[in-house]
Amino acid sequence: MNDIINHPNATIVDVRTEGEFAGGNVEGSVNIPLDQVPHRVEEFKNMSKPLVMCCLSGGRSGQAVEFLKAQGVEEIYNGGGWSQVAVHKM
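The structure is reproduced here in structure tokens:
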């Protein structure tokens with residue numbers, strides 16, 4: 109996962125609420141709350157890959173990954189909690 113997080117083209121997407129995101133996040137990450145994910149599938153398809161999804165603990169990001177994979181989004185991974193992703197980001 110470390111190599112994926114630090115891939116030069118990786119996009120890190122945090123699916124927590126805007127308030128949670130404002131309280132701390134991975135530098136350079138994009139905030140798309142989980143409830144907005146179904147309405148933004150085309151946006152995910154057009155993002156730079158690989159995609160690394162994160163949230164507080166990995167639950168919501170896991171839901172987003174499974175949903176988006178079912179919609180045809182490729183090269184998408186569950187990074188787990190945002191704080192773990194931040195530790196690995198170089």
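Under the working numbering, the first residue of the sequence shown carries the number 109, and numbering increases by one thereafter. We treat Cβ as the ideally placed atom computed from N, Cα and C, and that holds for glycine. These figures come from a predicted structure and were not determined experimentally.
Check: Answer with buried or exposed for D122, where buried requires no fewer than 16 other C-beta atoms within 10 angstroms of its C-beta.; Outcome: buried
Check: Do N114 and M198 have their C-beta atoms closer together than 8 Å?; Outcome: yes
Check: For L164, name the three-state secondary structure that DSSP assigns.; Outcome: coil
Check: Is the segment 146 to 160 touching the segment 125 to 132 in the sense that three or more CB pairs, one from each, lie closer than 8 Å?; Outcome: no
Check: Per the DSSP calculation, N122 is bridged to which residue(s)?; Outcome: First, the amino acid is wrong: residue 122 is Asp here, not Asn. In DSSP, D122 forms a bridge with N139 and C162.
Check: Across which residues does DSSP place I212 in a beta bridge pair?; Outcome: The requested residue 212 does not occur in the structure, where the chain is confined to residues 109 to 198.
Check: In angstroms with no decimal places, state the Cα-to-Cα distance between S137 and E150.; Outcome: 18 Å
Check: By how many angstroms is the C-alpha of T125 removed from the C-alpha of G180?; Outcome: 24 Å
Check: Is the beta carbon of C162 closer than 8 Å to that of G188?; Outcome: yes
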